[in-house]
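This report refers to the structure that appears directly beneath it.
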Amino acid sequence: MEALDVATVSRAQLVDITAAVAALVGRLALRSGAVHVFVPHTTAGVTINENADPSVKSDLLMALEALIPPGLAFTHSEGNSDAHLRASLIGSSVTVPVRDGILQLGTWQGIYFAEFDGPRRRRVYVTALPGAAG
Amino acid sequence: MEALDVATVSRAQLVDITAAVAALVGRLALRSGAVHVFVPHTTAGVTINENADPSVKSDLLMALEALIPPGLAFTHSEGNSDAHLRASLIGSSVTVPVRDGILQLGTWQGIYFAEFDGPRRRRVYVTALPGAAG
Amino acid sequence: MEALDVATVSRAQLVDITAAVAALVGRLALRSGAVHVFVPHTTAGVTINENADPSVKSDLLMALEALIPPGLAFTHSEGNSDAHLRASLIGSSVTVPVRDGILQLGTWQGIYFAEFDGPRRRRVYVTALPGAAG
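Here the protein sequences come in this chain order: R, L and B.
Counting along the first sequence from 1, when you hit position 113 you're at 113 in the working numbering, and nothing is skipped either side.
Take any residue in the second sequence, note its place counting from 1, add 1000, and you have its number in the working numbering.
Take any residue in the third sequence, note its place counting from 1, add 2000, and you have its number in the working numbering.
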């Protein structure tokens, strides 16, 4: 297992960590199988989405904001229950196939750290899951 | 890693790929561990849900449609930001345990390719993740 | 693969299964890699969220309730289409890194079985995915 550091600058932000994950696949010497990318926080997550037009990122954050009806009577005293919900909806990990040491992402896919209660300093754990020998 | 081709005929559609994934578990000679099913697209995903009553599929698609409030000011020029959001909510992969070469799905579970911006021709990557020897 | 039994007492409920999963990591003799936690049901799921303030759990369930607009014309005759939707949004499995035989969860993270159509008796499958030898 290796770890990445991610610094966010806004309350909600998507940070492209694709290149950093690809570099760790090399360091972990994973040739074939899958790589697991895990966020050890409860108000952030990780997702795969489009890496081309940056408006997809802002649209995604706006819609995740609009998804939760206003005026809910949250009781958690830290006032970030909406961020906990978004973290569970987006998920705490993604797993990506690896072949010949290369992430098998689609043409338009990038791996995004998803901050929902920033700005903060965050960590991401990256684990190699080797495939069958064959 | 093996790949499946999936053709969709509607904008939003759930396609049962359980039998195809089970066949690839055999071809990959996976006896024990888990199989990883990955969608390399940004406006589609994969989910596990009921395989018995087909109305569950149509209800799921209708509710995913209704989830996103109308009138959001999306800026992505391709006009499919709603599909990108649904892809991130549903997720780009599922992982299913395998024992004795058999998918350990529950009685009512099927694996569904989830199209949100079809009709299109799509791919699905299937990777064997062997478990411990014991 | 090992299995856990979980009994729920409400229609919607989050049950902390972190300690039970950690115990199975020991029984599976997994030292390094990841553990896969899978729910073989279609109206329940599993998620990772905060294990400290219990109000996060109740806020999460309340918001998942409020997410789905009232008055949708669901057609599934069992009347639990909302539970099927929540299961697909939360997801049927989580995967957590393991190092030196210990779950690499963040300080505030717990693993929660997520019941959406209880009370019921449920199962959870736990599978060891060994990492690279190195």
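Positions of the beta carbon are idealized from the N, C-alpha and C atoms, including for glycine.
How many angstroms separate the CA atom of residue i from the CA atom of residue j?
i, j, result
"histidine 2036(B)", "aspartate 1082(L)", "30 Å"
"arginine 11(R)", "arginine 1027(L)", "46 Å"
"serine 2032(B)", "arginine 2099(B)", "5 Å"
"threonine 1043(L)", "asparagine 1080(L)", "8 Å"
"tyrosine 1074(L)", "methionine 2001(B)", "Checking the displayed sequence, the identity of residue 1074(L) turns out to be phenylalanine instead of tyrosine. Approximately 45 Å between the Cα atoms of the pair."
"isoleucine 1111(L)", "isoleucine 1048(L)", "5 Å"
"glycine 2118(B)", "alanine 2087(B)", "13 Å"
"leucine 2129(B)", "proline 1070(L)", "42 Å"
"glycine 1134(L)", "glutamate 2078(B)", "Note that glycine 1134(L) scores a pLDDT of 42, beneath 50, so its modelled location is shaky; the value from the coordinates is reported in the next line. The straight-line gap from Cα to Cα measures roughly 41 Å."
"leucine 2103(B)", "alanine 2020(B)", "11 Å"
"histidine 1041(L)", "proline 2054(B)", "37 Å"
"tyrosine 125(R)", "tyrosine 1125(L)", "23 Å"
"aspartate 2005(B)", "aspartate 5(R)", "37 Å"
Closer than 8 Å, CB to CB, is residue i near chain R or not?
i, result
"aspartate 2053(B)", "yes"
"arginine 2011(B)", "no"
Taking the CB atoms as reference points, tell me whether residue i and residue j lie closer together than 8 Å.
i, j, result
"valine 1056(L)", "serine 1092(L)", "no"
"leucine 2030(B)", "glycine 2101(B)", "yes"
"arginine 1121(L)", "alanine 1007(L)", "yes"
"phenylalanine 1113(L)", "valine 1009(L)", "no"
"glutamate 50(R)", "histidine 1084(L)", "yes"
"glycine 1106(L)", "threonine 2127(B)", "no"
"leucine 89(R)", "leucine 1014(L)", "no"
"alanine 2034(B)", "proline 2097(B)", "yes"
"threonine 95(R)", "threonine 1018(L)", "no"
"histidine 1076(L)", "aspartate 16(R)", "no"
"leucine 2072(B)", "alanine 1063(L)", "yes"
"tryptophan 1108(L)", "alanine 1022(L)", "no"
"leucine 1061(L)", "leucine 2067(B)", "no"
Of all Cβ atoms in chain B, is any one closer than 8 Å to the Cβ of residue i?
i, result
"glycine 1091(L)", "yes"
"alanine 1066(L)", "yes"
"valine 1056(L)", "yes"
"threonine 18(R)", "no"
Just the chain L side, please: which residues come within less than 7 Å of residue i by C-beta, in chain order?
i, result
"isoleucine 48(R)", "Ser1092"
"isoleucine 2111(B)", "Those do not exist, as isoleucine 2111(B) stays about 15 Å from chain L at its closest Cβ, beyond 7 Å."
"leucine 1970(B)", "Outside the shown range of chain B (2001 to 2134) lies residue 1970(B), about which nothing can therefore be said."
Using the beta-carbon of each residue, which ones in chain L are nearer than 8 Å to residue i?
i, result
"methionine 2001(B)", "Ser1032, Pro1097, Arg1099, Gln1104, Gly1131"
"alanine 2128(B)", "Gly1131, Ala1132"
"threonine 2075(B)", "Ser1055, Ser1058, Asp1059"
If the cut is a Cβ gap below 8 Å, which residues of chain B does residue i touch?
i, result
"glutamate 1029(L)", "Correcting the residue type first, residue 1029(L) is alanine in the shown sequence and not glutamate. Going along chain B, no residue has its Cβ under 8 Å from alanine 1029(L), so there is no contact; the nearest lies around 17 Å."
Which residue or residues does DSSP assign as beta-bridge partners of residue i?
i, result
"glutamine 1109(L)", "Glu1050(L)"
"phenylalanine 2038(B)", "Ser2093(B), Tyr2125(B)"
"glutamate 1115(L)", "Gln1013(L), Ala1044(L)"
"isoleucine 2102(B)", "Arg2099(B)"
"glutamate 2(R)", "Val126(R)"
If the cut is a Cβ gap below 7 Å, which residues of chain R does residue i touch?
i, result
"threonine 1008(L)", "Those do not exist, as threonine 1008(L) stays about 16 Å from chain R at its closest Cβ, beyond 7 Å."
"proline 1119(L)", "The premise fails here: proline 1119(L) is roughly 18 Å from chain R at the closest Cβ pair, so nothing lies under 7 Å."
Within 8 Å of any Cβ in chain L, is that where the Cβ of residue i sits?
i, result
"valine 15(R)", "no"
"leucine 2024(B)", "no"
"alanine 2114(B)", "no"
So with CB distances below 8 Å, who are the chain R contacts of residue i?
i, result
"proline 1070(L)", "Neighbours of proline 1070(L) on chain R: none; closest Cβ ~10 Å, over 8 Å."
So residue i contacts chain R; which residues on that side make the cut at Cβ distance below 9 Å?
i, result
"threonine 1107(L)", "Near threonine 1107(L) there are no residues of chain R at all, since even the closest Cβ is about 25 Å away, more than 9 Å."
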